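Residue numbers (the working numbering): 593 to 797.
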């Protein structure tokens, strides 16, 4: 495992785009994360609260992104500890979040290819969700997606890019972040306007 070389390779590919890498550190040891931290990264993606508590104890100045499906009973704890939440996708979640006196940066997760096995908002309801978010919390800072492994990523990411562009025309204060692209498809996502890529295994191999 050559973490530094892997980060160099990804950073070179990123240099031509207006995007940033969020290293995903689920199930990684403190020593592995320290290599990424020492490289210069201060933002990390986590899938579990348990991993967050382990890692945040050692990297106290880091900012953490929650990138796993939300569980209603854990929403309060997630919002207390994470600065970015990428996976808001249900009206019920928005209702629970609206009761918290905590402001965080959230993404609306979109199930862009309507995969029954994945979380995310139905793409036909994106505008309805934006209005609901605006009314109950605030506009999200962007959209997030995880394509079905069998889908053509070019088609999926193109659809996300187009919908995001429409939203930016409608909402003048919408920042239009696009959180999409992981280890196997981040290079394609960059070509379709990704502003955040979430990469884990490509770093730690």
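From the three backbone atoms N, C-alpha and C, an ideal C-beta is built for every residue, glycine too.
Note that the structure is predicted; figures quoted are calculated from it, not measured.
Closest in alpha carbon position to residue 668, among 651, 654 and 687, is 687.
The C-beta separation of residue 721 from residue 753 comes to about 18 angstroms, leaving the pair out of contact by the 8 angstroms criterion. Here DSSP, grouped into helix, strand and coil, assigns residue 745 to helix. The residue from 701, 630 and 690 with its alpha-carbon nearest to that of residue 658 is 701. Collapsing the DSSP output to three states places residue 678 in a strand. Of 639, 715, 711 and 656, the smallest CA-CA separation from residue 633 is found for 656. Annotation note: the segment 716 to 797 contains the following uninterrupted beta strand (DSSP E) runs of length 3 or greater, listed N- to C-terminal: 734 to 736, 769 to 771 and 788 to 791.
Between residue 735 and the set 741, 712 and 744, the nearest pair of CA atoms involves 712.
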